[in-house]
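There are 2 protein chains.
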Amino acid sequence: MKDSVLILSGGMDSVTLLYDEHERIALAISFDYGSNHNGKEIPFAQLHCKRLGIPHVIIPLDFMGKYFKSSLLEGADAIPEGHYDDDNMKSTVVPFRNGIMLSIAVGVAESHSLAYVMMANHGGDHTIYPDCRPEFVEAFDAAAKAGTFVGVRLRSPYTNMTKADIARRGKELGIDYSETWSCYKGTEHHCGKCGTCVERREALAEAGIEDTTVYDD
Amino acid sequence: MKDSVLILSGGMDSVTLLYDEHERIALAISFDYGSNHNGKEIPFAQLHCKRLGIPHVIIPLDFMGKYFKSSLLEGADAIPEGHYDDDNMKSTVVPFRNGIMLSIAVGVAESHSLAYVMMANHGGDHTIYPDCRPEFVEAFDAAAKAGTFVGVRLRSPYTNMTKADIARRGKELGIDYSETWSCYKGTEHHCGKCGTCVERREALAEAGIEDTTVYDD
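Line order of the protein sequences matches chains G and L.
Note that the working numbering numbers the first sequence so that position 37 is 37, with each residue one more than the last.
With positions in the second sequence counted from 1, the corresponding number in the working numbering is that position plus 1000.
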């Protein structure tokens, strides 16, 4: 039964969730907030939706570049290198990004009488992203339920999984992760050094998946 | 102390809140979701911010016209006439509109280290708008707090007031309500017949304010 809207970036996590739950996904939404890496990841979102026959739309969020502060919105040179847990990676946080994407997805779900919005946040995000943590997810779920006629609910089945757990699930599903994008720099190839690249490499290694990603380093 | 972002439509309620709390408002945001009446109310939002010296930005939400279902997004002829409580007024609900506007305002607040987002929802909205009710407001407040570094909080001081209560407050503040817009049809003058016009007339009468609005009927 098609009852869900999925927020799909084109990265490893949301692409895995797309395959994992494709029978329930009525619509996938990618948000383009004008970062370099949006231009690299959204084509992968399109590719997988086309392959699975799932309707896909891209919603631009131009206001973020204008009124929001984040190194992610300032181009490749502004992206720090190092491990995801490091304090400098905090500069890549786009303030309340998940709240904004979820709210729009809830409005779209309510417009089409769909009961669920799905998001692929996971345990590894908790350290630096406050809007990926279980307490945010629970409160937002309550807000979506209270704020809609159909009582839209939030499903985020990977909230307490690691990225390596997700990669293992993707391996079972036969996903080719070279058809996903992680690097925040968003240049031709993955840089291999920024927090998202380091995290990607570690997760694939830990899941025992051969990493065929082309890295710059 | 300037510590708040206000969501300002240019209608009676949010204009009253603007004057009521102007010493705390660092920034007012109007959202243009492409309805006819946005074009009539936003100039009033601009006027009052200019008068009070409060920075004001307009954020377009073009995706709503494309992916959302609401008679409010379909032009003047689609707006039903009658009392606000009537079932047909439900067609004017823009799904999860407050959730979306609040989320963006929370992101802007976090970007500028502001502690509060303010919204002028009130008791009269509860009947038809699920995202104006106290249970939504409480849950969203918890989501904003959990989902941001600064712990942004939601302030909606009119949640349990009636529109007539707000008009009484505006009378004390010396607000000229002919410099606000309500009518959902958004044609040259207020139509006088749609739910928002009926509600406006009743609130002004109940508050003992001479209604100098030009109505078509």
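Built from N, CA and C at the ideal position, the CB exists for glycine as well.
If I follow the unbroken alpha helix (DSSP H) through residue i, where does it start and stop?
| i | result |
| --- | --- |
| G:Ala139 | 134-146 |
| G:Ser111 | 97-111 |
| L:Ser1091 | Run containing L:Ser1091: none; DSSP gives neither H nor E here. |
| L:Leu1018 | 1012-1020 |
| G:His48 | 38-52 |
| G:Val198 | 195-206 |
| G:Phe218 | Residue 218 of chain G falls outside the range modelled here, since chain G spans only 1 to 217, and no answer is possible. |
| G:Met64 | 63-67 |
Provide the residue span of the beta strand (DSSP E) that contains residue i, from first to last.
| i | result |
| --- | --- |
| L:Met1118 | 1116-1118 |
| G:Ile222 | The structure shown does not extend to residue 222 of chain G, since chain G is modelled only from 1 to 217, so the question has no answer here. |
| G:Arg169 | Where G:Arg169 is concerned, there is no enclosing beta strand (DSSP E), although the alpha helix (DSSP H) it sits in stretches over 163-173. |
| G:Asp32 | 25-32 |
| L:Leu1154 | 1153-1155 |
| L:Ile1128 | Run containing L:Ile1128: none; DSSP gives neither H nor E here. |
| G:Val57 | 56-60 |
Are the CB atoms of residue i and residue j nearer to each other than 8 Å?
| i | j | result |
| --- | --- | --- |
| L:Thr1016 | L:Gly1170 | yes |
| G:Phe68 | L:Gly1075 | no |
| L:Trp1181 | L:Phe1096 | no |
| G:Val93 | G:Leu73 | no |
| L:Ala1120 | L:Ala1164 | no |
| G:Ile25 | G:Ile7 | no |
| G:Glu21 | G:Met101 | no |
| G:Val5 | G:Ala78 | no |
| G:Ile29 | G:Ala105 | yes |
| L:Cys1049 | L:Asn1098 | no |
| G:Thr159 | G:His122 | yes |
| L:Leu1052 | L:Leu1018 | yes |
| G:Gly82 | G:Glu199 | no |
Using a Cβ-Cβ cutoff of less than 6 Å, which residues in the same chain neighbour residue i once the five nearest sequence positions on both sides are dropped?
| i | result |
| --- | --- |
| G:Val57 | Ile29 |
| G:Arg168 | Ala207 |
| G:Asn192 | Checking the sequence shown, residue 192 of chain G turns out to be Gly, not Asn. So the qualifying residues of the chain are Tyr215, Asp216, Asp217. |
| G:Ile128 | Met89, Lys90 |
Within a Cβ cutoff of 8 Å, which residues of the same chain sit near residue i, ignoring the five residues on either side of it in sequence?
| i | result |
| --- | --- |
| L:Tyr1116 | Asp1003, Ser1004, Val1005, Arg1024, Ala1109, Val1152, Arg1153, Leu1154, Arg1155 |
Once you ignore the five residues that flank residue i on each side, which residues in its own chain have a CB closer than 7 Å to its CB?
| i | result |
| --- | --- |
| L:Leu1114 | Asp1003, Ser1004, Val1005, Ala1026 |
Assess, as a yes-or-no matter, whether the segment 1025-1034 of chain L is touched by the segment 1057-1069 of chain L under the definition of 3 or more beta carbon pairs within less than 8 Å. yes
Listed in chain order, which residues of the segment 45-72 of chain G have Cβ atoms closer than 9 Å to some Cβ of chain L? Taking 9 Å as the Cβ-Cβ cut-off against chain L, the residues of the segment 45-72 of chain G that qualify are Val57, Ile59, Pro60, Leu61, Asp62, Phe63, Met64, Lys66, Tyr67, Phe68, Lys69, Ser70.
Quick test of the definition: if touching needs 3 or more C-beta pairs under 8 Å, does the segment 177-190 of chain G touch the segment 1005-1015 of chain L? no
Could you tell me whether the segment 1146-1155 of chain L touches the segment 125-140 of chain G, using the rule of 3 or more Cβ pairs below 8 Å? yes
Any residues in the segment 1100-1114 of chain L with a beta carbon nearer than 7 Å to a beta carbon of chain G? Which ones, in chain order? Ile1100, Ser1103, Ile1104, Val1106, Gly1107, Val1108, Glu1110, Ser1111
Residues in the segment 122-137 of chain G with C-beta within 8 Å of chain L's C-beta atoms, listed in sequence order? Pro130, Asp131, Arg133, Glu135, Phe136
Using Cβ-Cβ distances below 9 Å, what residues of the segment 155-179 of chain G are close to chain L? none
Can you pull out the residues from the segment 1082-1098 of chain L whose beta carbon lies closer than 9 Å to at least one beta carbon of chain G? Lys1090, Val1093, Val1094, Pro1095, Phe1096, Arg1097, Asn1098
Which residues of the segment 1012-1043 of chain L have a Cβ closer than 8 Å to any Cβ of chain G? Give them in chain order. Within the segment 1012-1043 of chain L, no residue qualifies.
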